[in-house]
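**Student:** Below is a structure I'd like to ask you about.
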Amino acid sequence: MSVLVTGAAGFIGYHVSHALLAQGRRVIGVDNLNTYYNPALKHARLANLTRHKDFSFVEADIADHAGLAERLGAHMRVDHIIHLAAQAGVRYSLDHPFDYVSANVAGHLSLMELARHWAVDHFVYASSSSVYGRNTKTPFAETDPTDKPASLYGATKKADEVMTSAYAHLYQMPTTGLRFFTVYGPWGRPDMAYWIFTEKMLRGEPIEIFNHGKMARDFTYIADIVDGVLSALNHPPSAQCSHHQIFNLGNDHPEPLMRLVTLLEEKLGLTAVKQMRGMQKGDVIQTWADISAAKAAFGYAPKVSLETGLDHYVTWRKGLATGF
70 MSVLVTGAAG FIGYHVSHAL LAQGRRVIGV DNLNTYYNPA LKHARLANLT RHKDFSFVEA
130 DIADHAGLAE RLGAHMRVDH IIHLAAQAGV RYSLDHPFDY VSANVAGHLS LMELARHWAV
190 DHFVYASSSS VYGRNTKTPF AETDPTDKPA SLYGATKKAD EVMTSAYAHL YQMPTTGLRF
250 FTVYGPWGRP DMAYWIFTEK MLRGEPIEIF NHGKMARDFT YIADIVDGVL SALNHPPSAQ
310 CSHHQIFNLG NDHPEPLMRL VTLLEEKLGL TAVKQMRGMQ KGDVIQTWAD ISAAKAAFGY
370 APKVSLETGL DHYVTWRKGL ATGF
């Protein structure tokens with residue numbers, strides 16, 4: 070089986086690619102290696118993947134459909150697509166809106182076009198908990214309304230879901246969307262709170278805590294997310310659900326932001342200098358995934374607690390000569 074993984078040099082794409090290779094699958098990775106965060110981290114992830122004989126890499130911008138199709142011409146015998154490439158980050162979307170429409174909307178359309186012309190067995194794509202936006206009912210369930218986004222990022226992810234539903238209906242294309250909830254762990258993203266807090270604490274700098282710490286997130290360890298992605302890949306939807314299904318992949322256990330800070334202090338052996346700030350635009354108070362649908366459909370069952378996951382992350386971070 071051959072799998073095209075977009076965003077292969079990104080956090081989740083890197084780990085998913087590793088897991089697929091470990092299963093003996095051929096992986097074609099795509100990434101544009103942009104500068105949203107330090108490209109050295111992306112190149113380091115990619116260096117680990119390229120050591121594997123069954124991994125090949127194509128540098129391309131997914132929003133450039135003609136260029137992407139041309140670069141992938143030699144890999145047209147692809148059985149599955151796992152589309153993880155996107156412009157991430159709620160706060161960044163406030164100042165760079167066109168980047169999100171390009172990568173997340175035009176880029177998503179580009180991948181759907183490849184999927185339908187290649188007649189892949191299953192198209193799996195990343196959505197986000199951000200689609201729930203200003204929803205106040207918890208836990209968030211896939212049947213909840215998602216028509217009040219709190220950020221442009223969330224709006225583009227909702228657009229992806231709606232477009233995919235149309236393509237699945239029009240072309241009987243098996244598709245699955247996965248709404249990720251605050252993924253963390255080794256080789257993560259430097260724009261995430263746990264990473265920012267760690268680096269600033271190691272440098273003795275103050276950390277900014279928004280909404281005065283009165284926030285909670287459904288932190289989900291990367292290994293649990295990877296298990297969910299691969300399980301979903303093996304369970305394509307049927308015509309009974311119009312060839313399109315959506316699932317939450319979270320931990321079903323929201324943790325207060327201040328508990329994250331406390332755990333990092335314990336594991337780093339440092340006391341954070343805390344600067345309390347107000348709520349930021351586009352942010353939400355709490356995320357919490359109802360994962361019952363994913364559990365019923367493909368046995369999704371997260372195993373890693375926040376404390377254990379941060380142990381793994383801090384151990385990995387301490388093993389680096391320097392941060393990225």
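My numbering puts the first residue of the sequence shown at 70, with every later residue one more than the last.
Each residue gets a CB set at the ideal place from its N, CA and C atoms; glycine is no exception.
(1) Restricting to runs no shorter than 3 residues, where is the beta strand (DSSP E) found entirely within the stretch 285–344?
(2) Taking C-beta to C-beta, are residue 130 and residue 101 nearer than 9 Å?
(3) Residue 132 to residue 171, Cα distance in whole Å?
(4) For a quick check, are the C-beta atoms of residue 263 and residue 379 less than 9 Å apart?
(5) Rounding to the nearest angstrom, what Cα-Cα distance links residue 243 and residue 237 in this structure?
(6) Where residue 266 and residue 229 are concerned, what is the direct C-alpha to C-alpha distance, given to the nearest angstrom?
(7) Given a threshold of 16 other Cβ atoms within 10 Å of its Cβ, counted over all protein chains shown, does residue 345 qualify as buried or as exposed?
(8) Let me check understanding here. Comparing Cα to Cα, which of 390, 310, 280, 251 lies closest to residue 268?
(9) Helix, strand or coil for residue 121 per DSSP?
(10) Can you give the Cα-Cα distance for residue 278 and residue 343, rounded to whole angstroms?
(11) How close, in whole Å, do the beta carbons of residue 270 and residue 375 come, if the pair is a contact with beta carbons under 8 Å?
(12) Count the other CB atoms, across all protein chains shown, that sit within 10 Å of the CB of residue 275; report buried if there are 16 or more and exposed otherwise.
(13) Measure how close the beta-carbons of residue 153 and residue 74 come, nearest whole angstrom, since I'm counting them as under 8 Å.
(14) Using the DSSP secondary-structure output, state which residues sit across from residue 100 in a beta bridge.
(15) Cα separation between residue 309 and residue 241?
(16) Since residue 29 and residue 246 are thought to touch, with beta carbons under 8 Å apart, how far apart are those beta carbons, to the nearest angstrom?
(17) Unbroken beta strand (DSSP E) runs of length 3 or more, entirely within the stretch 233–270: which are they?
(18) At the level of alpha carbons, what is the spacing between residue 395 and residue 208?
(19) State the Cα-Cα distance for the pair residue 111 and residue 203, rounded to the nearest angstrom.
(20) Tell whether a beta-carbon distance below 9 Å holds between residue 469 and residue 145.
(21) My understanding is that residue 356 touches residue 212, with C-beta atoms under 8 Å, so please give their C-beta distance in whole angstroms.
(22) Alpha carbon to alpha carbon, how far is residue 134 from residue 179? Give it in angstroms, no decimals.
(23) By Cβ distance, which residues of its chain are closer than 6 Å to residue 150, with the 5 residues on each side in sequence left out?
(24) Can you name, in chain order, every residue of its own chain whose Cβ lies under 8 Å from the Cβ of residue 106, other than the five neighbours on each side?
(25) Helix or strand or just coil, what does DSSP make of residue 194?
(26) Quick test of the definition: if touching needs 3 or more C-beta pairs under 8 Å, does the stretch 153–167 touch the stretch 75–95?
(27) If I measure Cβ to Cβ from residue 363 and keep anything under 7 Å in the same chain, skipping five residues before and after, which residues do I get?
(28) Roughly how many angstroms lie between the CA atoms of residue 248 and residue 82, to the nearest whole one?
(29) If you follow the beta strand (DSSP E) that residue 276 is in, where does it begin and where does it stop?
(30) Starting from the Cα of residue 164, find the closest Cα among 117, 197, 351, 226 and give me that residue.
**Tutor:** Well, looking at it:
(1) Entirely contained in the stretch 285–344, the beta strand (DSSP E) runs reaching 3 residues are, in chain order, 313–318.
(2) Position 61 of the sequence shown holds residue 130. Position 32 of the sequence shown holds residue 101. At a Cβ-Cβ threshold of 9 Å, residue 130 and residue 101 count as neighbours.
(3) Counting from 1 along the sequence shown, the entry for residue 132 is found at position 63. Counting from 1 along the sequence shown, the entry for residue 171 is found at position 102. Cα to Cα, the separation comes out at about 6 Å.
(4) If you number the sequence shown from 1, residue 263 lands on position 194. If you number the sequence shown from 1, residue 379 lands on position 310. In this structure, residue 379 lies closer than 9 Å to residue 263 by Cβ.
(5) Here residue 243 refers to the residue found at position 174 when the sequence shown is read from its first residue. Here residue 237 refers to the residue found at position 168 when the sequence shown is read from its first residue. C-alpha separation (whole angstroms): 6 Å.
(6) On the sequence shown, residue 266 is found 197 positions in, with the first residue counted as 1. On the sequence shown, residue 229 is found 160 positions in, with the first residue counted as 1. Put simply, the backbone Cα of residue 266 is about 31 Å away from that of residue 229.
(7) By 1-based counting over the sequence shown, the position of residue 345 is 276. Answer is exposed; the Cβ neighbour count stays below 16.
(8) The sequence position of residue 268 within the sequence shown is 199, counting from 1. Ranking 390, 310, 280, 251 by Cα distance to residue 268 puts 390 first.
(9) By 1-based counting over the sequence shown, the position of residue 121 is 52. Residue 121 falls in the coil class under three-state DSSP.
(10) Along the sequence shown, one-based indexing puts residue 278 at 209. Along the sequence shown, one-based indexing puts residue 343 at 274. Here the C-alpha atom of residue 278 lies approximately 7 Å from the C-alpha atom of residue 343.
(11) Residue numbering aside, residue 270 sits at position 201 when the sequence shown is read from its first letter. Residue numbering aside, residue 375 sits at position 306 when the sequence shown is read from its first letter. Under the criterion of beta carbons closer than 8 Å, residue 270 and residue 375 do not qualify as touching, at roughly 17 Å.
(12) Taking the first residue of the sequence shown as position 1, residue 275 is located at position 206. Result: exposed.
(13) Locating residue 153 in the sequence shown gives position 84, counting from the first residue. Locating residue 74 in the sequence shown gives position 5, counting from the first residue. With a contact defined as Cβ atoms closer than 8 Å, residue 153 and residue 74 qualify at about 7 Å.
(14) Along the sequence shown, one-based indexing puts residue 100 at 31. According to DSSP, which records beta bridges pairwise, residue 100 is partnered with 128.
(15) Taking the first residue of the sequence shown as 1, we reach residue 309 at position 240. Taking the first residue of the sequence shown as 1, we reach residue 241 at position 172. Distance between the alpha carbons of residue 309 and residue 241 is about 11 Å.
(16) Past the boundaries of the shown model lies residue 29; the chain is included only from 70 to 393, so the question cannot be answered.
(17) You should have 244–249.
(18) Limits of the chain in this structure are 70 at one end and 393 at the other, which puts residue 395 out of reach.
(19) The residue given as residue 111 occupies position 42 in the sequence shown. The residue given as residue 203 occupies position 134 in the sequence shown. Residue 111 and residue 203: Cα-Cα distance of roughly 32 Å.
(20) For residue 469 there is no data in the structure shown, the boundaries of the chain being 70 and 393.
(21) Taking the first residue of the sequence shown as position 1, residue 356 is located at position 287. Taking the first residue of the sequence shown as position 1, residue 212 is located at position 143. Contact flag wrong, Cβ pair sits at about 17 Å.
(22) The residue you call residue 179 lines up with position 110 of the sequence shown. The residue you call residue 134 lines up with position 65 of the sequence shown. If I take the Cα positions, the gap works out to 5 Å.
(23) As a position in the sequence shown, residue 150 is number 81, starting the count at 1. Non-local C-beta neighbours of residue 150 in its own chain, meaning closer than 6 Å and more than five positions away in sequence, comprise 73, 184, 189, 192, ordered along the chain.
(24) Walking along the sequence shown from the start, residue 106 turns up at place 37. Answer for residue 106: 258, 259, 260, 393, listed in chain order.
(25) Position 125 of the sequence shown, counted from the first residue, corresponds to residue 194. Residue state, collapsed to three classes: strand.
(26) Yes, they touch.
(27) The residue labelled residue 363 in the question sits at position 294 within the sequence shown. 297, 316, 317, 318, 369, listed in sequence order.
(28) For the purposes of this step, residue 248 is taken as residue 179 along the sequence shown, with counting starting at 1. For the purposes of this step, residue 82 is taken as residue 13 along the sequence shown, with counting starting at 1. The straight-line gap from Cα to Cα measures roughly 15 Å.
(29) In the sequence shown, counting from the first residue as 1, residue 276 sits at position 207. Segment 276–278, the beta strand (DSSP E) holding residue 276.
(30) Walking along the sequence shown from the start, residue 164 turns up at place 95. Nearest Cα to residue 164 within the set 117, 197, 351, 226: 351.
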